[in-house]
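Input: a single structure, listed below in structure tokens.
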Amino acid sequence: MTPKRIVPAGLLYLAFIGWTAIASFHQVDAQCCNVSESNQCSSYFGIGTGSNYAVPWTPPNSGLPTFGSLLQNQPSSIMIPPEQQFAYSPNCATANQANPMVLSRPFPAPEFQTLTSNIVNLPNGCSNWGALNHPALVPQGFGGSTPANLCSRPKIQFMGGFEALALRVHHDQDVAMVIDPAPGNRLVPFTYGFQFSPRVWLGMFRPGTGGFRASYWYLDDTARRETATAVVNATPIYLFVYGAGGNLTRNAYADLGETMSSIHSARIQSLDFEYLDTFQFRCWNLQSSAGIRLAEIVQNLRGDVYDVLGGLEETVTNDLSIRGVGPTFGLRANRTFQSSPIGIYVSGRGSLLFSQTTQEIYEMKNAGADEVRDRAQQDEIISQCELGLGFQFNYCFSNGIRTFASTGYEVQAWYDVGGPVDSSSTLGLDGLSAQLGVFY
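Letter by letter, the sequence shown follows residues 17 to 456 in the working numbering.
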């Protein structure tokens, strides 16, 4: 295995080890935050030192009264003992940390026991008791406009999303043509612009159990056509194509007065089927995934030479087609700033694909008098990795629908997939990303 393959393989191994380590911390951190990925849009108030009971805290931007403001306006008959404080914990505050939004006051223990005995602890760790609005506990109870089950979710959630990327192609063997003046050669590379690239996903998820997701991604980009005419002190202009590890070589030459024109295109698409799960590590929400990736990469190069009258004199082409399947692992982590719905995210993915590479090289000389077609088909192992980071905004609707929007920067590297003039170089992508996702 070449070093280019060892690096992504190592990333896959580290991702697996990290996934295992995160799972081992899950139970500890759940006690700290009392919030899972399925409830990341809400913060919680815990009742009692070390108690697992919690009630939802309404985000300030939801349009509903906050739980803290309702407590501040509570009747004087409702008191809170200092040894049993409400804990405000959007960022993993411990259960005995006082809520800075609420004054702690004592009241008789029987009344407190009556209060807590009426709290129902839901399976997902949330309480159905909302803002002291129980009429049996508080006369003319208040907080009724705050949903009592804001953080309650159905057992099975459906998810979907769309991502718009603007990506640019890079090659480490990026050759459009070579101009050979007297002092030395000058390589002319292809120039790619940012191209729209969509990604969509759809799946279902059960909190605490995991779920499945299918996602599809597509990119089709064509470089700007490069053209040059051979003149005195800049002759010849040529383009060489290599195949089968350098065992096949074809070319096109433009002599004095002739013009060379070349163009290259790349089309990439992938389809992932994954199992995914969510974990809590300190104040980070993490989503891990593992599954199967099917990928296809098609690249086409064409170089033409025209004589002084504009007639086609020579042509060389390089057509690459790669289809592969193999394991893929992904990890996405996000956290919010304090109690704000705005936060950051970091994502990574690695894939190892067992693929078949088909390369066809065509060479034409003497205005079509001489033609040669070469074909090479090989089984190869290619690897791929990607990284992304940016900002994310989370919003939770009162009907239980959660949404998020994010924008960031993404890079990808596809190893041993070839380029314009060969079949084994690296293809890279970089660009901007904008995502919109829904959980229901």
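Here a beta-carbon is modelled for each residue, glycine too, at the ideal position from N, C-alpha and C.
Buried versus exposed, by CB contacts within 10 Å (16 or more), residue i
i: ASN415; result: exposed
i: VAL216; result: exposed
i: VAL257; result: buried
i: MET220; result: exposed
i: VAL437; result: buried
i: GLN393; result: exposed
i: ILE195; result: buried
i: ASP236; result: exposed
i: GLY261; result: exposed
i: LEU218; result: exposed
i: THR110; result: Unreliable placement is indicated for THR110, whose pLDDT of 30 sits below 50; the coordinate value is still reported in the next sentence. The residue is exposed, with fewer than 16 neighbouring Cβ atoms inside 10 Å.
i: ARG498; result: Because the chain is modelled from 17 through 456, residue 498 falls outside the range shown and cannot be assessed.
For residue i, three-class secondary structure by DSSP
i: ALA450; result: strand
i: SER441; result: coil
i: GLY346; result: strand
i: GLY435; result: coil
i: ALA383; result: helix
i: GLU274; result: coil
i: ASN415; result: coil
i: ASN263; result: coil
i: ALA182; result: strand
i: LEU325; result: coil
i: ILE135; result: Confidence at ILE135 is low in this model, with a pLDDT of 36, below 50, so the placement of that residue should be treated as unreliable; the coordinate-derived value is given next. Note: ILE135 maps to coil in three-state DSSP.
i: ILE358; result: strand
i: TYR456; result: coil
Beta-carbon gap between residue i and residue j smaller than 8 Å
i: ASN267; j: ASN301; result: no
i: SER183; j: GLN211; result: A small fix is needed here, since residue 183 is Leu in this sequence, not Ser. Yes, Cβ-Cβ distance for LEU183 and GLN211 is below 8 Å.
i: ILE284; j: ILE313; result: yes
i: ASP271; j: SER441; result: no
i: GLY366; j: CYS401; result: yes
i: GLY226; j: LEU292; result: yes
i: GLY177; j: GLN451; result: yes
i: THR207; j: ARG240; result: yes
i: PHE353; j: GLU290; result: no
i: ALA192; j: SER278; result: yes
i: TYR425; j: LEU443; result: no
i: TYR456; j: PHE174; result: yes
Of the listed residues the options, nearest to residue i (C-alpha basis)
i: ALA230; options: LEU328, ASP320, SER305; result: SER305
i: TYR232; options: ALA311, GLU379, SER399; result: ALA311
i: GLN375; options: PHE295, GLY340, THR243, ARG389; result: ARG389
i: GLU242; options: GLN296, ASN201, PHE413, LEU317; result: LEU317
i: SER355; options: ARG309, PHE409, VAL194, ILE417; result: PHE409
i: GLY340; options: VAL324, ILE308, PHE174; result: ILE308
i: SER399; options: GLY424, PHE413, PHE370; result: PHE370
i: GLY209; options: LEU445, PHE455, GLY453; result: LEU445
i: ALA383; options: GLY434, GLY404, VAL433, GLY327; result: GLY327
i: HIS280; options: LEU336, VAL321, ASN263; result: LEU336
i: SER286; options: GLN428, THR294, GLY435, TYR456; result: GLN428
Residue i, enclosing beta strand (DSSP E) - first and last residue
i: PRO252; result: From DSSP, PRO252 is part of no beta strand (DSSP E); its letter is neither H nor E.
i: ALA311; result: 300 to 322
i: PRO214; result: 211 to 222
i: THR238; result: 226 to 238
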